[in-house]
Amino acid sequence: RPERKNSVAPWPDRRARIISLIRDTGPDLVALQEIRYHDWLPYPAHQADQILDGLSGYGHIWHPAHYWAPGQGDNHGQTCWEGLAILSQQPIV
987 RPERKNSVAP WPDRRARIIS LIRDTGPDLV ALQEIRYHDW LPYPAHQADQ
1037 ILDGLSGYGH IWHPAHYWAP GQGDNHGQTC WEGLAILSQQ PIV
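The opening residue of the sequence shown carries number 987 in the numbering used here; numbering runs sequentially from there.
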């Protein structure tokens, strides 16, 4: 039986795939879950901002749904927020 590799690619690889998929399909609206903001990473923006850096024509809204205090979860002892984001080619009101 072949050894199963980890199916979760590192964030930079996943981010590039998400950007390509959105760019190739051009949806009017994209809903994203488990979008994280880590204040300890070298890029201080949350993941939706990072995705938008590779796209044009989209606005977004992000709302935190979960907070990890230092020492909780996989946040390297720092704070972390996780929430939902909507990317839209139409104005968000």
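We put the CB at the ideal spot given by N, CA and C, even for glycine. Being a predicted model, the structure only gives us computed values, none of them experimental.
Review point. Taking 6 Å as the cut-off, is the CB of T1065 close to at least one heavy atom of the ligand COA?
Key: For the ligand COA, the structure offers nothing, since it holds no ligand at all.
Practice item. Please work out which residues of its chain come closer than 7 Å, Cβ to Cβ, to Y1095, disregarding the five sequence neighbours upstream and downstream, and give them in chain order. Key: Outside the shown range of the chain (987 to 1079) lies residue 1095, about which nothing can therefore be said.
Review point. Just to confirm, are H1049 and G1069 a CB contact at a threshold of 7 Å?
Key: Position 63 of the sequence shown, counted from the first residue, corresponds to residue 1049. Position 83 of the sequence shown, counted from the first residue, corresponds to residue 1069. A contact, by the Cβ cut-off of 7 Å.
Review point. By DSSP, does P998 sit in helix, in strand, or in coil?
Key: Position 12 of the sequence shown holds residue 998. Here P998 sits in helix by DSSP.
Exercise for review: Could you please give the first and the last residue of the uninterrupted beta strand (DSSP E) stretch that includes L1038?
Suggested key: In the sequence shown, the residue the question calls residue 1038 occupies position 52. Looking at the DSSP string, L1038 is not in any beta strand (DSSP E); the run it does join, the alpha helix (DSSP H), is Q1033 to L1038.
Practice item. To the nearest angstrom, report how far apart H1024 and A995 are at their CA atoms. Key: To locate residue 1024, count along the sequence shown from 1; it is residue 38. To locate residue 995, count along the sequence shown from 1; it is residue 9. Approximately 18 Å between the Cα atoms of the pair.
Exercise for review: Can you tell me which of W1067, V1079 and L1041 puts its alpha carbon nearest to the alpha carbon of Q1019?
Suggested key: Residue 1019 sits at position 33 when you count from the first residue of the sequence shown. When only C-alpha atoms are compared, the closest one is W1067.
Practice item. Put S1098 into one of helix, strand or coil per three-state DSSP. Key: Absent from the structure is residue 1098, since the part of the chain shown begins at 987 and ends at 1079.
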